[in-house]
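**Q** No gaps in the numbering here: position 135 of the sequence shown is 134 in numbering that gives the first Met the number 0, and each next residue is one more.
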Amino acid sequence: MQEQLAAILATATAAAPAIATRPEYESFKARIVGPNGSLTAAMKGMAGVPKEERPAAGRLLNETKGALESLFAATLGRIEAAEIAARLGAPVDPTLPSPDDFAGSLHPLTQVREEVSGVFRKLGFTIAEGPEIESEWVCFDALNTPGNHPARDMQDTLYMPPGTRCVDAPRRGVEAYVLRSHTSTVQIRTMLRQEPPVRIVAPGRCFRRDTVDATHSANFHQIEGLWVDRDVTLRDLKGVLDFFVREMFGSGAEIRFRPSFFPFTEPSFEMDVRSSGLGRLSGRWLEIMGCGLVDPRVFENVGYDASRWTGLAFGMGLERIAMLLYGIDDIRHFYANDLRFLRQFA
Ligand code: PHE
C-alpha cells in the first residue's frame, strides 16, 4: 500500500509540469481520482489491508490525497494564468520602447514664459511671484487705482465671496479679495517686502470677467516687470524693451511707444513691435504691452521715498506673445489640451 501511494504521487508530480490545457488537466485528474483512477483503486484496496495496519495506511492515504489536491490546484492555477496572459497578448516587457513615441513636452505658454523670463534674466532681473487671490488693496488701491475706476467694477473684476481670507495679504481699509486682474500686484508685494534697488519680472495667471472668444479668455497669463533704482529713466525703459523684442522677435525687430494711461505709471505707454520674422504679420505694428515710469503715488503707498527713487514698469500678456510668435489665431487653443495642437511645440 505504502509503495503504491508513493508511486501514484511520484507519477503525478512528474506528469504535472507538462499539463498545458484544461482538457489535458481534466484527463490527468481523471487518471488519478476518476472512477478508474489510480488513487480510487488504492482506496478500494484499503479493504484488503490487515486491520492493525489500517490506521497507518489511512493516514498515509489522506496525506497523499492532500498532496495530490495541492498539485491539482497548482496545475490549474498555472493553466489559468497562461490563459489570462494569452488573452492580454504577449507578456508585457516594460523595457520595450512605447508604440506612442511622444515623450511629452512643455506647454507653449510655459515655453514662452521661460523664454521671456530668460531674456530679462540676462538683464539682471530676478523672478518674483505672488498669489492669484489678492487683496483689493494690493490689486487696485496701492496701484493708485481709485474706488471709482472702471477696472474695479464687478463687471470687470472677479471678486471673492465676502468672508474670504487670504494668507499673508497686506490689507488696508475694507477687507475684500479678488482674483488678480493683472500681475502688477507683484510690484506692490515686492516693494513692501524689500528696499530698492528692485529688478524683477513676475510671470503669473490673471483673471478677468471676459467673455471667451478668439482673443479673450477669463483666465490668462501675464509677465510683469519692475525696475526701481536711482535715476531709472525713459531711456532705460526703451533700452530694456528694445533688447527684449530683438531677443524675442529677431535682431531686426523695432519698437514704438504710443502715449496711454495706467493709474500706476506716469507717463504711460502702449508699446508696439514690428518685425520681418512674423509670417503674415510681418511689417505690421503689433501692440504687445503696457509700460511706463512708476507713478510716485505708488512709491508712497509702499513706503518708498519718491524723491530718491524712480522706476520703470511693464506688463504683457503671454498668450499674446505666443500667438504672435507662433502664428496662433485663437487663444482657446492654449487651454483645450488637444495633443494635435500641443505636439507642434514639442
Ligand atoms: N497692468 C497693466 C495691464 O494689465 C499692464 C501694465 C503693467 C502697464 C505695468 C504699465 C505698467 O494692462
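Think of the CB as a built atom: it goes at the ideal place given N, C-alpha and C, for glycine as much as any other residue.
So, for residue 381: in the same chain, excluding its five sequence neighbours on each side, which residues have a beta-carbon less than 7 Å away from its beta-carbon?
**A** Here the chain covers residues 0 to 345 and nothing more, so residue 381 does not appear.
**Q** Just verifying my parser: in three-state terms, what is the DSSP assignment at residue 181?
**A** Here residue 181 corresponds to residue number 182 of the sequence shown, with the count starting at 1. Note: residue 181 maps to coil in three-state DSSP.
**Q** Comparing the CB of residue 314 with every heavy atom of the ligand NAD, is any distance shorter than 8 Å?
**A** In the structure shown, the ligand NAD is absent; the only ligands present are the ligand PHE.
**Q** Taking the alpha-carbon of residue 59 as reference, which of 0, 20, 18, 40 has the nearest alpha-carbon?
**A** Against the sequence shown, residue 59 aligns to sequence position 60. Of 0, 20, 18, 40, the residue nearest in Cα terms is 0.
**Q** Compare the beta carbon distance of residue 268 and residue 198 with 9 Å and say whether it is the shorter of the two.
**A** Locating residue 268 in the sequence shown gives position 269, where the first residue counts as 1. Locating residue 198 in the sequence shown gives position 199, where the first residue counts as 1. Cβ atoms of residue 268 and residue 198: not closer than 9 Å.
**Q** When burial is assigned at 16 or more other CB atoms within 10 Å of the CB, is residue 251 buried or exposed?
**A** As a working note, residue 251 is residue 252 in the sequence shown. Under this definition residue 251 is an exposed residue.
**Q** Classify residue 149 as helix, strand or coil using the three-state DSSP reduction.
**A** As a working note, residue 149 is residue 150 in the sequence shown. If DSSP states are grouped into helix, strand and coil, residue 149 belongs with the helices.
**Q** Out of 114, 68, 206, 40, which one is the CA nearest neighbour of residue 24?
**A** For the purposes of this step, residue 24 is taken as the residue at position 25 of the sequence shown. Nearest C-alpha to residue 24: 68.
**Q** Indicate whether residue 262 and residue 145 have their beta-carbon atoms separated by less than 9 Å.
**A** Start at 1 with the first residue of the sequence shown, and residue 262 comes out as number 263. Start at 1 with the first residue of the sequence shown, and residue 145 comes out as number 146. Cβ atoms of residue 262 and residue 145: closer than 9 Å.
**Q** Determine the burial state of residue 83: buried for a count of at least 16 other Cβ atoms within 10 Å of its Cβ, exposed for fewer.
**A** Here residue 83 corresponds to residue number 84 of the sequence shown, with the count starting at 1. When all chains shown are included, residue 83 counts as exposed.
**Q** Beta-carbon separation of residue 163 and residue 207 under 9 Å?
**A** The sequence position of residue 163 within the sequence shown is 164, counting from 1. The sequence position of residue 207 within the sequence shown is 208, counting from 1. No, the pair does not count as a contact, with Cβ atoms beyond the cut-off.
**Q** In this structure, how does DSSP classify residue 314 when only helix, strand and coil are distinguished?
**A** Your numbering for residue 314 matches position 315 in the sequence shown. It is a strand residue.
**Q** Using only the alpha-carbon positions, how far apart do residue 295 and residue 231 sit?
**A** Residue numbering aside, residue 295 sits at position 296 when the sequence shown is read from its first letter. Residue numbering aside, residue 231 sits at position 232 when the sequence shown is read from its first letter. Roughly 13 Å between the two C-alpha positions.
**Q** What is the DSSP secondary structure of residue 303, counted as helix, strand or coil?
**A** As a working note, residue 303 is residue 304 in the sequence shown. If DSSP states are grouped into helix, strand and coil, residue 303 belongs with coil.
**Q** Helix, strand or coil: which one does DSSP assign to residue 259?
**A** Mapped onto the sequence shown, residue 259 falls at position 260. Of the three classes helix, strand and coil, the one that applies to residue 259 here is strand, per DSSP.
**Q** Taking only three categories from DSSP, how would you classify residue 35?
**A** Within the sequence shown, numbered from 1, the residue matching residue 35 stands at position 36. Residue 35: coil per DSSP, three-state reduction.
**Q** Helix, strand or coil: which one does DSSP assign to residue 86?
**A** What you label residue 86 is simply residue 87 of the sequence shown in a count that begins at 1. Helix.
**Q** Whose CA, out of 158, 305, 312, 271, lies closest to the CA of residue 233?
**A** Here residue 233 is taken as the residue at index 234 of the sequence shown, counted from 1. It is 312 whose Cα lies nearest to the Cα of residue 233.
**Q** Quick check on DSSP: helix, strand or coil for residue 140?
**A** Indexing the sequence shown from 1 puts residue 140 at position 141. Note: residue 140 maps to helix in three-state DSSP.
**Q** Short of 6 Å in beta carbon distance, which residues of its chain neighbour residue 406, apart from the five on each side in sequence? Order them along the chain.
**A** Outside the displayed range of the chain (0 to 345) lies residue 406, so it cannot be described from this structure.
**Q** By the DSSP assignment, the alpha helix (DSSP H) with residue 14 in it spans what residues?
**A** If you number the sequence shown from 1, residue 14 lands on position 15. 1–14 is the extent of the alpha helix (DSSP H) around residue 14.
**Q** The ligand PHE heavy atoms versus the CB of residue 288: any closer than 8 Å?
**A** Counting from 1 along the sequence shown, the entry for residue 288 is found at position 289. True, at least one ligand heavy atom lies under 8 Å from that Cβ.
**Q** Closest to residue 76 by C-alpha separation, out of 18, 324, 180, would be which residue?
**A** Reading the sequence shown from its first residue, position 77 is the one you call residue 76. For residue 76, the nearest C-alpha among the options comes from 18.
**Q** Which word fits residue 401, buried or exposed, when buried means at least 16 other C-beta atoms lie within 10 angstroms of its C-beta?
**A** Residue 401 lies beyond the range of the chain shown here (0 to 345); nothing can be said about it.
**Q** Taking the alpha-carbon positions, what's the residue 282 to residue 304 distance?
**A** Looking up residue 282 in the sequence shown gives position 283. Looking up residue 304 in the sequence shown gives position 305. Roughly 43 Å between the two C-alpha positions.
**Q** So, is residue 318 buried or exposed, given that buried needs 16 or more other C-beta atoms within 10 angstroms?
**A** For the purposes of this step, residue 318 is identified with residue 319 of the sequence shown, where counting begins at 1. Result: buried.
**Q** State yes or no: is the C-beta of residue 261 nearer than 8 Å to some heavy atom of the ligand PHE?
**A** For the purposes of this step, residue 261 is taken as residue 262 along the sequence shown, with counting starting at 1. Under cutoff, so the answer is yes.
**Q** Under the criterion of a Cβ to heavy atom distance below 8 Å, does residue 180 qualify as lining the ligand PHE?
**A** Stepping through the sequence shown from its first residue, residue 180 is reached at position 181. Flag set: Cβ of residue 180 near the ligand PHE.
**Q** As an exercise, report each continuous alpha helix (DSSP H) stretch of at least 4 residues that is fully enclosed by the region 89–128, in chain order.
**A** Runs of the alpha helix (DSSP H) inside the region 89–128: 107–121.
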